Amino acid sequence: MNQLSIYYFLISIVVTLFLLYMQVRPRKLNVTFSTFFFPVILLIIGLLIINQLPRFQDFTLMIQLFVALFFGSMRAYSVTIYRDKGELYRVGNYKTIGIWIVYMAIEYLIELVANYNFSPIILDIGVSLLIQRLVTIFRTKQYTN
16 MNQLSIYYFL
26 ISIVVTLFLL
36 YMQVRPRKLN
46 VTFSTFFFPV
56 ILLIIGLLII
66 NQLPRFQDFT
76 LMIQLFVALF
86 FGSMRAYSVT
96 IYRDKGELYR
106 VGNYKTIGIW
116 IVYMAIEYLI
126 ELVANYNFSP
136 IILDIGVSLL
146 IQRLVTIFRT
156 KQYTN
């Protein structure tokens with residue numbers, strides 16, 4: 016593990032802890048610029064980082080992105096959506112936290128097996144979070160009718 020991979024690993028831990036905290040807080044469901052700001056920033060940073068990967072690791076990266084899509088969707092369905100005073104809210108629960116923990120364990124395992132030095136993990140977190148938000152927004156359609 017080189018110095019840069021330690022930074023990627025530590026950044027992924029900090030980002031994940033922040034996301035776990037935010038997931039269990041009740042938050043108003045608004046579709047605004049800020050809804051997608053954080054995932055898009057993670058995607059951009061992740062794309063810049065993975066540009067340095069050797070081409071032979073593309074297949075493993077595709078597996079990681081599939082895992083990110085799958086677990087992002089699972090988390091979106093674990094989130095509780097409710098209406099309070101005419102506003103829609105969402106809040107995660109122990110299932111959401113459990114899915115995050117399992118997801119990150121699988122991501123770290125893939126990173127170690129593929130010997131990526133944790134470089135694409137920021138991209139994977141961004142993809143997973145973006146999918147979670149999109150699926151959660153899709154789920155709110157039943158509450159707005």
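Mind the numbering: the sequence shown is residues 16 to 160 in this note's numbering, read in order. Don't be surprised by glycine CBs; every beta carbon is placed ideally from N, CA and C. All of these numbers come straight from a predicted model, not from anything done at the bench.
First through last residue of the beta strand (DSSP E) which encompasses residue i
i     : result
Thr95 : Thr95 to Asp99
Residue i - partner residues in DSSP beta bridges
i      : result
Arg105 : Arg42 and Ile96
Where the alpha helix (DSSP H) containing residue i begins and where it ends
i      : result
Gln147 : Ile136 to Arg154
Phe133 : Here Phe133 belongs to no alpha helix (DSSP H), and DSSP marks it neither H nor E.
Residue i, buried or exposed, once every other Cβ within 10 Å from all chains shown has been counted against 16
i      : result
Leu145 : buried
Ser49  : exposed
Thr111 : buried
Asp139 : buried
Val142 : buried
Integer Cβ distance of residue i from residue j, believed to fall under 8 angstroms
i     : j      : result
Leu76 : Ile65  : 7 angstroms
Phe86 : Tyr118 : 4 angstroms
Straight-line Cα distance separating residue j from residue i
i      : j      : result
Leu127 : Ile136 : 11 angstroms
Glu102 : Phe133 : 39 angstroms
Tyr97  : Gln18  : 45 angstroms
Val29  : Ser20  : 14 angstroms
Tyr158 : Gly113 : 26 angstroms
Any chain C beta carbon closer than 8 angstroms to residue i
i     : result
Thr31 : The displayed structure is made up of one protein chain only, and chain C is not part of it.
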